[in-house]
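Residue numbers (the numbering used here): 16 to 289.
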């Protein structure tokens with residue numbers, strides 16, 4: 016178990032590494048901003064500097080990191096991303112477009128599967144459909160939005176219900192398969208202080224599951240309880256870290272888990288410029 020000082024150092028060091036190698040073109044902050052506007056006003060605004068940030072993100076996607084070698088597939092993905100950027104301002108009331116670039120880049124392996132399986136796959140149609148259905152869950156998301164996992168209850172039944180509905184939306188928009196990791200990413204981006212992130216690599220390293228075993232709602236709730244109990248050891252420093260980085264502790268610790276469990280750091284060596 017880390018001491019409080021060690022926990023703070025781990026969070027800060029992980030965040031710095033994440034920002035250097037992953038954060039400069041990360042759409043997460045934009046998605047959070049746009050979702051906040053959507054909750055308040057029913058629509059979001061895309062400013063010119065934000066469009067430029069997304070354009071930079073698109074031009075700097077390293078498909079090799081995701082083992083996508085097919086140049087025609089890379090070009091197809093980039094073309095559709097640019098079309099999505101062109102049209103996003105016309106879809107300001109559809110929250111699917113607010114999460115689109117975050118969700119694509121954080122779930123890129125899944126989109127490779129969609130593009131490979133469906134020759135006519137359209138990102139515009141995908142996020143239009145997802146946004147239309149997610150919009151119907153606004154009331155459910157509002158229940159969790161202002162709650163904090165550390166200080167509030169874990170509402171097992173309500174979480175199970177919301178998880179199931181989001182999974183069904185992504186399942187219908189995709190290829191008919193369950194979408195546990197995508198579901199968790201959407202739960203988090205709408206309610207970042209209540210729903211933690213989780214991917215397969217982290218779940219395996221944390222002993223939550225074995226390889227080829229799927230994450231499901233029950234396992235996810237188990238993860239929430241596990242994190243709540245663990246983070247309870249660091250309550251005195253959690254708020255300081257959240258205020259310092261203007262970010263939930265659930266996002267900050269996920270950066271540490273991601274670097275330790277999920278990312279292939281040797282692939283990032285090229286970014287050193289040596």
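We put the CB at the ideal spot given by N, CA and C, even for glycine.
Spatially closest choice to residue i from the options, by CA coordinates
| i | options | result |
| --- | --- | --- |
| residue 44 | 136, 114, 158 and 178 | 114 |
| residue 1 | 213, 204, 80 and 183 | Any answer about residue 1 is impossible in this case: the structure gives the chain only from 16 up to 289. |
| residue 99 | 159, 111 and 89 | 111 |
| residue 237 | 169, 124, 264 and 225 | 169 |
| residue 141 | 240, 96, 221 and 39 | 96 |
| residue 173 | 165, 185, 158 and 137 | 158 |
| residue 27 | 269, 39 and 56 | 269 |
Three-state class that DSSP yields for residue i in the structure shown
| i | result |
| --- | --- |
| residue 68 | helix |
| residue 76 | coil |
| residue 206 | coil |
| residue 118 | helix |
| residue 168 | coil |
| residue 276 | helix |
| residue 259 | helix |
| residue 179 | helix |
| residue 83 | coil |
Segment limits, alpha helix (DSSP H) that includes residue i
| i | result |
| --- | --- |
| residue 143 | 138 to 150 |
| residue 27 | 19 to 33 |
| residue 92 | 86 to 102 |
| residue 287 | Here residue 287 belongs to no alpha helix (DSSP H), and DSSP marks it neither H nor E. |
| residue 153 | 153 to 160 |
| residue 111 | 110 to 113 |
| residue 127 | 123 to 132 |
Interface flag, residue i vs chain B, CB-CB below 8 Å
| i | result |
| --- | --- |
| residue 249 | Looking for chain B here will not work: only one protein chain is present. |
Counting only runs that start and end within the stretch 205 to 257, where is the alpha helix (DSSP H) found for 4 or more residues in a row? Correct list: 215 to 220 and 232 to 246.
4-residue-minimum alpha helix (DSSP H) runs that sit fully inside the stretch 36 to 68, ordered along the chain: Entirely contained in the stretch 36 to 68, the alpha helix (DSSP H) runs reaching 4 residues are, in chain order, 43 to 56.
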